[in-house]
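Student: Its first residue numbered -17, the sequence shown is counted upward by one per residue in the numbering used here.
The structure under discussion is supplied below as structure tokens; questions concerning it will follow.
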Amino acid sequence: MAYETLIVEVEDDVALIRLNRPDALNALNSKLMTELSAAVQAADRNDAVRVIVLTGSEKSFAAGADVKEMAGKSFTEVYFDNLFGPEAEAIARVRKPMIAAVSGYCLGGGCELAMICDFIIASDTAKFGQPEINLGIVAGMGGTQRLTRCVGKSKSMDMHLTGRFMEVAEAERCGLVSRVFPAKDLMAEVMKIAKKIAEKSLLSTMAAKECVNRAQESGLSEGILFERRVFHALFATEDQKEGMAAFMEKRQPQFRDK
Ligand code: DAK
-17 MAYETLIVEV EDDVALIRLN RPDALNALNS KLMTELSAAV QAADRNDAVR VIVLTGSEKS
43 FAAGADVKEM AGKSFTEVYF DNLFGPEAEA IARVRKPMIA AVSGYCLGGG CELAMICDFI
103 IASDTAKFGQ PEINLGIVAG MGGTQRLTRC VGKSKSMDMH LTGRFMEVAE AERCGLVSRV
163 FPAKDLMAEV MKIAKKIAEK SLLSTMAAKE CVNRAQESGL SEGILFERRV FHALFATEDQ
223 KEGMAAFMEK RQPQFRDK
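Structure (structure tokens):
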């Protein structure tokens, strides 16, 4: 399907979704959010896709929600329209692994979008921030919750209250970013990582994602019990038998998602 604000390619089990509003540094407008939620849901349903990569341009992953589109809206409008709520929820409901590949600006709704992904791999030019405070608003797509769970209260407060930008070294140090590569190598490295994940059993990558996400949403003992039950359940799969047999026979596993 052709999109106006995205470029989508599916190759070697990976759907690469690129935000494409270069004139606005990939600011998230309604069109982009509608298309993005449709594109990730299509990738989630597509049997040719095992991993999704979400990226922007080298200059900007996304500079936030589109301020020009939002500026004149009233409370009544954003409340009744539930601005971006359904789209963000649809993106968060994706069950396949989803990586954010971030270069340049990753601000406001852009940072929130990256945090909805399962993990963030960034280039050395990436800058993260929640600058909504400078616009007289607060984050609206999960930023106060996800950033706090990720980096802790003190740094999250600092980011949300000052609106400052965080360079990538700090982002990696505080756990917002899992790995950093030079900008010129970012996409090649991310695609290698995505393909590595695509080689695993889709049953176990989806189960692992579900278990890790439980850690964000439940107490420790409930999360541990959930993980244990998922672990037990995977013994009902052929891929578990194959994975363990391959280990003992000192060969590569041939997973069939069964
Ligand atoms: N919206 C609209 N246009 C933007 C934009 C944005 N967020 N960011 C950049 N642009 C546009 C600029 O207006 C400019 O357009 P022209 O003037 O050329 O027409 C073009 O992109 C290039 O930007 P600059 O000329 O400003 O480029 P610089 O390199 O000088 O500066 C910058 C880059 C990223 C530092 C700067 O553009 C900037 O500060 N941008 C705004 C960053 C920001 O405040 N982001 C937070 C937006 S608020 C919700 C969900 C989400 C949200 C809220 C609710 N719900 C579910 C309820 C999210 C809110 C936000 O993200």
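Ideal Cβ placement from N, Cα and C applies to all residues, glycine included.
So does Val22 have its beta carbon nearer than 7 Å to some heavy atom of the ligand DAK?
Tutor: no
Student: I'd like the list of long-range same chain contacts for Ala19, defined as Cβ closer than 7 Å, with 5 residues on each side in sequence excluded.
Tutor: Per the sequence presented here, residue 19 reads as Ser, with Ala not at that position. Glu69, Ala72, Ile73, listed in sequence order.
Student: When DSSP builds the beta bridges, which residues end up paired with Ser42?
Tutor: Gly86, Tyr87
Student: Residues in its own chain within less than 7 Å of Cys99 by CB, not counting five upstream and five downstream?
Tutor: Leu36, Met80, Ile81, Ala82.
Student: Give the range of the alpha helix (DSSP H) segment to which Glu(-9) is assigned.
Tutor: No alpha helix (DSSP H) holds Glu(-9); the beta strand (DSSP E) holding it covers -12 to -7.
Student: Could you tell me if Ser136 is buried or exposed, where buried requires 16 or more neighbouring beta carbons within 10 angstroms of its beta carbon?
Tutor: exposed
Student: Buried or exposed for Asp29, please, with buried defined as at least 16 other CB atoms from any protein chain shown within 10 angstroms of its CB.
Tutor: exposed
Student: Looking at the unbroken alpha helix (DSSP H) that takes in Thr37, where does it start and where does it end?
Tutor: Not the alpha helix (DSSP H): Thr37 falls in the beta strand (DSSP E), residues 33 to 37.
Student: Tell me whether Val49 counts as near the ligand DAK, meaning its Cβ is closer than 7 Å to at least one heavy atom of that ligand.
Tutor: yes
Student: Tell me whether Val120 is buried or exposed, calling it buried when 16 or more other Cβ atoms sit within 10 Å of its Cβ.
Tutor: It counts as exposed.
Student: What residues match up with Phe101 in a beta bridge as DSSP calls it?
Tutor: Ile81
Student: Return the chain-ordered list of same chain residues with a C-beta closer than 8 Å to the C-beta of Gln234, the five sequence neighbours on each side being excluded.
Tutor: Excluding residues up to 5 positions away in sequence, Ala228 lie with their Cβ nearer than 8 Å to the Cβ of Gln234 in the same chain.
Student: Could you please give me the residues that DSSP links to Glu149 through a beta bridge?
Tutor: Lys109
Student: Look up Arg0 in the DSSP assignment and say whether it is helix, strand or coil.
Tutor: strand
Student: Need the endpoints of the beta strand (DSSP E) that Phe217 sits in, please.
Tutor: Looking at the DSSP string, Phe217 is not in any beta strand (DSSP E), and its letter there is neither H nor E.
Student: Cα separation between Val76 and Asn195?
Tutor: 12 Å
Student: Helix, strand or coil for Arg27? Go by DSSP, reduced to three states.
Tutor: helix
Student: Rounded to the nearest angstrom, how far is the Cβ of Asp48 from that of Ala180, given a contact under 8 Å?
Tutor: The Cβ separation is near 33 Å, so there is no contact.
Student: Hey, is the stretch 9 to 27 in contact with the stretch -15 to -7, meaning 3+ C-beta pairs nearer than 8 Å?
Tutor: Taking 8 Å as the limit for Cβ pairs, the verdict is that the stretch -15 to -7 does touch the stretch 9 to 27.
Student: Tell me the rounded alpha-carbon separation between Ala(-3) and Leu7.
Tutor: 22 Å
Student: Distance, Cα to Cα, Tyr61 vs Asp140?
Tutor: Straight-line Cα distance between these residues: approximately 28 Å.
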